[in-house]
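**Student:**
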Amino acid sequence: MPARTHPDHVCQSGIQSRTSTTGITLIRQFSIRLLCCLFVCLSYSCSQTDEQTTYPSLITEFAELYADADGNICQMRPDRKPTYYLASPLRGYHPHTEYRAACTYAFSGNDSTTVRIYGLERVVVLQDSTQQSYPGTDPLQVVSLWDGGDFINLHLSVKTQSGTQHWGYRMDSIRITAQQKRIAYLTLYHNQNNDPLSYSEKVYASLPKNSLKAVIEPGDSICLQINTFAGKNSWKFVY
Numbered sequence: 149m150p151a152r153t154h155p156d157h158v159c160q161s162g163i164q165s166r167t168s169t170t171g172i173t174l175i176r177q178f179s180i181r182l183l184c185c186l187f188v189c190l191s192y193s194c195s196q197t198d199e200q201t202t203y204p205s206l207i208t209e210f211a212e213l214y215a216d217a218d219g220n221i222c223q224m225r226p227d228r229k230p231t232y233y234l235a236s237p238l239r240g241y242h243p244h245t246e247y248r249a250a251c252t253y254a255f256s257g258n259d260s261t262t263v264r265i266y267g268l269e270r271v272v273v274l275q276d277s278t279q280q281s282y283p284g285t286d287p288l289q290v291v292s293l294w295d296g297g298d299f300i301n302l303h304l305s306v307k308t309q310s311g312t313q314h315w316g317y318r319m320d321s322i323r324i325t326a327q328q329k330r331i332a333y334l335t336l337y338h339n340q341n342n343d344p345l346s347y348s349e350k351v352y353a354s355l356p357k358n359s360l361k362a363v364i365e366p367g368d369s370i371c372l373q374i375n376t377f378a379g380k381n382s383w384k385f386v387y
């Protein structure tokens with residue numbers, strides 16, 4: 149508890165009492181020393197806690213997860229990485245089913261083959277929607293796109309009011325370059341489906357490259373066009 153201090157006592161002559169001033173000086177010195185001691189103790193306690201507490205290095209990546217015959221997910225394979233085993237299987241999924249998700253995970257101890265899952269977010273797997281009658285070019289915002297090896301990955305932001313929107317891609321054309329390489333021109337299919345443009349929500353999506361294996365081959369290219377609020381933009385990837 150902080151030491152109590154009292155107003156300085158003054159003699160009738162208007163001269164400050166020496167006894168009273170000395171007492172206050174001693175109290176102030178004691179208070180300062182006490183605060184210094186508390187600061188040192190707290191600093192030591194915090195440093196000890198920091199040294200004893202360790203937090204896992206979390207990684208967030210798109211990955212494929214595999215459910216076994218019992219509906220338990222025991223393995224995951226991030227893009228461009230080997231398959232990892234889960235320290236704690238995820239239960240209650242459809243047997244013999246492959247899922248795609250944005251996984252937040254960390255390695256289990258010093259084991260480089262086993263991980264712990266700390267979070268999962270849905271990833272929409274884009275399918276061929278060329279035959280759909282609706283144009284499917286409702287605008288959105290592109291946050292980022294990147295090549296995930298077997299997939300083209302998209303981080304998008306859409307306007308929504310928690311309605312259902314439809315996703316896919318449209319095959320526009322196949323062109324052959326002067327070097328006899330093919331380019332598959334695609335457009336992201338996005339059907340707002342009358343969902344009001346109320347607030348922004350992120351959407352993760354992946355376009356599987358092997359869905360184009362009938363029209364292009366390794367060494368060819370994919371050009372993906374997306375209609376954004378700022379206009380149409382295109383991104384090119386190697387197949």
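Start counting the sequence shown at 149; every next residue gets the next number (my numbering).
The C-beta atom is built at its ideal place from N, Cα and C for all residues, glycine as well.
Since this is a predicted model, take the numbers as computed values, not measurements.
Check this for me: beta carbons of LEU234 and VAL263, under 8 Å apart or not?
**Tutor:** The residue given as residue 234 occupies position 86 in the sequence shown. The residue given as residue 263 occupies position 115 in the sequence shown. Yes, these two residues count as a Cβ contact at 8 Å.
**Student:** Check for me: the beta strand (DSSP E) holding LEU268 runs from which residue to which?
**Tutor:** Working through the sequence shown from its first residue, we reach residue 268 at position 120. 262-273 is the extent of the beta strand (DSSP E) around LEU268.
**Student:** Does the Cβ-Cβ distance between HIS244 and ALA217 come in under 8 Å?
**Tutor:** Start at 1 with the first residue of the sequence shown, and residue 244 comes out as number 96. Start at 1 with the first residue of the sequence shown, and residue 217 comes out as number 69. In contact: HIS244 and ALA217 (Cβ atoms closer than 8 Å).
**Student:** Where do the ends of the beta strand (DSSP E) carrying SER236 lie?
**Tutor:** In the sequence shown, the residue the question calls residue 236 occupies position 88. SER236 -> beta strand (DSSP E) spans 232-238.
**Student:** At the level of alpha carbons, what is the spacing between LEU334 and TYR387?
**Tutor:** Counting from 1 along the sequence shown, the entry for residue 334 is found at position 186. Counting from 1 along the sequence shown, the entry for residue 387 is found at position 239. Looking at the two C-alpha atoms, the distance is approximately 13 Å.
**Student:** Tell me whether GLY257, by its Cβ, gets closer than 7 Å to a heavy atom of the ligand MG.
**Tutor:** The ligand MG is absent from the structure shown, which contains no ligands of any kind.
**Student:** How would you label GLN328, buried or exposed, when you count the other beta carbons within 10 angstroms and need 16 or more for buried?
**Tutor:** Within the sequence shown, numbered from 1, the residue matching residue 328 stands at position 180. When all chains shown are included, GLN328 counts as exposed.
**Student:** Return the residue from the list ASN301, VAL351 and LEU345 that minimises the CA-CA distance to TRP383.
**Tutor:** Residue numbering aside, residue 383 sits at position 235 when the sequence shown is read from its first letter. Among ASN301, VAL351 and LEU345, the Cα nearest to that of TRP383 is on ASN301.
**Student:** Does the segment 250-261 touch the segment 285-295, meaning 3 or more C-beta pairs lie closer than 8 Å?
**Tutor:** no
**Student:** Can you tell which of GLY297, GLU212, HIS303 and TYR266 has the C-alpha that lies nearest to the C-alpha of LEU336?
**Tutor:** To locate residue 336, count along the sequence shown from 1; it is residue 188. Among GLY297, GLU212, HIS303 and TYR266, the Cα nearest to that of LEU336 is on HIS303.
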